[in-house]
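Novice:
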Amino acid sequence: MRRFSASLVFIIITALSVVSAPTHAKGAEPFISAKEIDLAKLLPPPPASESSQTKAELGEILTVQVTRTPEMVARAQADAVENIGRFSDILGPRFNVENLPKFSAFFARVVSSEGAVVDAPKKFWQRPRPYLASDLVKPVVKMTASGSYPSGHATAGTLMGIVLANMVPEKRSEIMLRAREYAHNRIVAGVHYPSDIEAGRIAGTLIAANLMTREDFNAEFATARAELRKELGLTDDKLKKEK
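When you line the sequence shown up against mature numbering (1 follows the signal peptide of the UniProt record, and there is no 0), it's residues -25 to -1, 1 to 218, in that order.
(1) Would DSSP call L18 helix, strand or coil?
(2) Note down the Cα distance separating D13 from H167, rounded to an integer number of angstroms.
(3) Quick check: M151 and L203, are their CB atoms within less than 7 Å of each other?
(4) Only counting the same chain, and skipping five residues up and downstream in sequence, which positions put a Cβ closer than 6 Å to that of A199?
(5) Considering Cα atoms alone, identify which of A95, H128, K30 is closest to I59.
(6) Nearest CA to the CA of S88: which residue from D211, A201, A183?
(7) Here's a check: name, in chain order, each residue in its chain whose Cβ is nearer than 8 Å to the Cβ of T210, leaving out the five neighbours to either side.
(8) Quick check: the Cα distance between N71 and A178, rounded to an integer number of angstroms?
(9) Counting Cβ pairs, one atom from each stretch, are 3 or more of them under 8 Å apart for the stretch 153 to 167 and the stretch 133 to 142?
(10) Distance check for R189 and R161, CA to CA, integer angstroms please.
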């Protein structure tokens, strides 16, 4: 198992910057930024590179790697995008983001908020990705130049899941399970440690809680929710009866 020196890690990360960039919603204005949620003060620091925890987590990644099926790989690759459309298998065939312009624009801002908050702590901690710690790790998605901790995808998946579940509480359990799978698929893909994922889930929850206190968010949420529920054939009267 090969360990890279700090200088070599820096060189590799710099070179990877031309390979791929974070897949945040381009052009969408975030609701909040790192100035309002400073994750460097709210999250514990990531495990040190040579710590027993990091070594154990690397072992978990390698175990997943040798047991992942072609179907798991395909799912992880499809989940590489940060897009609310990845929840389509939960909401059914009537869910088509192309038919939901207000809903789509709203979630573009939600996803953009993840990047606006998470990019700063990634740069602050600069945790090297698992494939930089060991050449035994074989990623199945594009490698990225960003830090590993916290996971932006886990943050985005948790955030999208919470917001979507509040729109369609009839499917809350299924939506949150899908959000959890979405985050875990970053381990399947070989690009994150388990502690990155856990921190991302905490970050996504913190961002969601903050957004729900904002008037601009709640106004757009109500409009997007109404559009979605109409498209899905759901009514609030039906929801009240089920409660």
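We put the beta carbon where it would ideally sit given N, CA and C, even for glycine.
Specialist: Walking through what the data contain:
(1) In the sequence shown, counting from the first residue as 1, residue 18 sits at position 43. Here L18 carries a coil assignment [DSSP, helix/strand/coil].
(2) Within the sequence shown, numbered from 1, the residue matching residue 13 stands at position 38. Within the sequence shown, numbered from 1, the residue matching residue 167 stands at position 192. If I take the Cα positions, the gap works out to 21 Å.
(3) Here residue 151 is taken as the residue at index 176 of the sequence shown, counted from 1. Here residue 203 is taken as the residue at index 228 of the sequence shown, counted from 1. The criterion of a C-beta distance shorter than 7 Å is not satisfied by M151 and L203.
(4) Translated into positions along the sequence shown, residue 199 becomes position 224. Exclusion of the five residues before and after A199 leaves K77, F78, F81 as the residues of its chain whose Cβ lies within less than 6 Å of its Cβ.
(5) Walking along the sequence shown from the start, residue 59 turns up at place 84. Taking only the C-alpha atoms, the option nearest I59 is H128.
(6) As a working mapping, residue 88 is identified with position 113 in the sequence shown. The shortest Cα separation from S88 among D211, A201, A183 belongs to A183.
(7) To locate residue 210, count along the sequence shown from 1; it is residue 235. Beyond the five residues adjoining it in sequence on each side, T210 comes within less than 8 Å, by CB distance, of R204 in the same chain, given in chain order.
(8) Position 96 of the sequence shown, counted from the first residue, corresponds to residue 71. Position 203 of the sequence shown, counted from the first residue, corresponds to residue 178. Looking at the backbone, the Cα of N71 and that of A178 are separated by about 28 Å.
(9) Yes, they touch.
(10) Position 186 of the sequence shown, counting from 1, holds the residue named residue 161. Position 214 of the sequence shown, counting from 1, holds the residue named residue 189. Straight through space, the alpha carbons of R189 and R161 are spaced by roughly 30 Å.
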